[in-house]
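Numbering (our numbering), first residue to last: 1 to 204. Here the structure comes first, spelled out in structure tokens, and everything after it is commentary.
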């Protein structure tokens, strides 16, 4: 059962559990995904953005092509503001900052991405410390992806020496799940013009 935070005639906001694909994969065994489950009840639900399979949290879906185009434009123009909460390995120095490293797909090892200063696409992540473990094993951070590159938050934190807990793809030790959660979503309703804000508490 998928949790819905909001639904009206134009859009819906759903909660994606960790481990579930956002959209169907190419293989037959990868057809189960959040949008397919939503379309079982709301056939007009259409994808606007994605979360990695390992990531949980808030996702916005359009109902119909016109709304999909309007919401997609908001994402392109960076008028949609997203916040994530993550627990990363080690003690992050400082209280807040930015990571600006260009990213590109590591084709021989896809879906991995990699930093490439010459060919990578610009990527910017803002971070802020929320809490620290007294034993110095981990730091809880809020992350804001200013750009929306694939695996951006995961690779940027790993490149800073602080991979997200459980993210073995980028060098973290094993854990029951990757501790990355889409916790806040702000956008403008395409019909009413109202600013919409949704919050989902971190499950870890």
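From the three backbone atoms N, C-alpha and C, an ideal C-beta is built for every residue, glycine too.
Residue 191, buried or exposed, once every other Cβ within 10 Å from all chains shown has been counted against 16:
Position 191 of the chain shown, counted from the first residue, corresponds to residue 191. Under this definition residue 191 is an exposed residue.
For residue 6, which residues from the same chain have a beta carbon less than 6 Å from its beta carbon, with the 5 sequence-adjacent residues on both sides left out?
Here residue 6 refers to the residue found at position 6 when the chain shown is read from its first residue. 13, listed in sequence order.
Specify whether the region 182 to 197 and the region 50 to 63 touch according to this definition: at least 3 beta carbon pairs, one from each stretch, less than 8 Å apart.
yes
From the DSSP output, read off the bridge partner residues of residue 138.
Taking the chain shown and counting its residues from 1, one reaches residue 138 at position 138. Bridge partners of residue 138: 89.
Assign residue 145 to one of three DSSP states: helix, strand, or coil.
Numbered from its first residue, the chain shown carries residue 145 at position 145. DSSP places residue 145 in strand when its eight states are reduced to three.
Quick test of the definition: if touching needs 3 or more C-beta pairs under 8 Å, does the region 114 to 130 touch the region 58 to 73?
No, they do not touch.
Measuring only the C-alpha atoms, how far is residue 49 from residue 95?
Locating residue 49 in the chain shown gives position 49, counting from the first residue. Locating residue 95 in the chain shown gives position 95, counting from the first residue. In a straight line, the C-alpha of residue 49 is about 29 Å away from that of residue 95.
Considering only the beta carbon of each residue, do residue 165 and residue 138 sit closer than 9 Å?
Locating residue 165 in the chain shown gives position 165, where the first residue counts as 1. Locating residue 138 in the chain shown gives position 138, where the first residue counts as 1. Yes; because the gap between Cβ atoms is below 9 Å, this pair is in contact.
Specify the secondary structure class of residue 71 as computed by DSSP and reduced to three states.
By one-based count along the chain shown, residue 71 stands at place 71. In the structure shown, residue 71 sits in a helix (DSSP, three-state: H, G or I).
With distances taken Cα to Cα, identify the nearest neighbour of residue 194 among 33, 80, 30.
Residue 194 sits at position 194 when you count from the first residue of the chain shown. That would be 80, whose Cα lies nearest to the Cα of residue 194.
Start and end of the beta strand (DSSP E) containing residue 113?
One-based indexing of the chain shown puts residue 113 at position 113. Unbroken beta strand (DSSP E) run through residue 113: 113 to 115.
Beta-carbon contacts of residue 23 that lie in its chain and below 7 Å, excluding the five residues immediately before and after:
As a position in the chain shown, residue 23 is number 23, starting the count at 1. Excluding residues within five positions, the ones whose Cβ falls inside 7 Å are 33, 35, 47, 50.
So, is residue 199 buried or exposed, given that buried needs 16 or more other C-beta atoms within 10 angstroms?
Counting from 1 along the chain shown, the entry for residue 199 is found at position 199. Per the 10 Å Cβ criterion, exposed.
I'd like the span of the beta strand (DSSP E) that includes residue 56, first residue to last.
In the chain shown, residue 56 corresponds to position 56, counting from 1. Taken as a continuous stretch (DSSP letters only), the beta strand (DSSP E) holding residue 56 covers 56 to 63.
Boundaries of the beta strand (DSSP E) in which residue 286 is found, first to last residue
Residue 286 cannot be examined here, being either before or after the span of the chain that is shown, 1 to 204.
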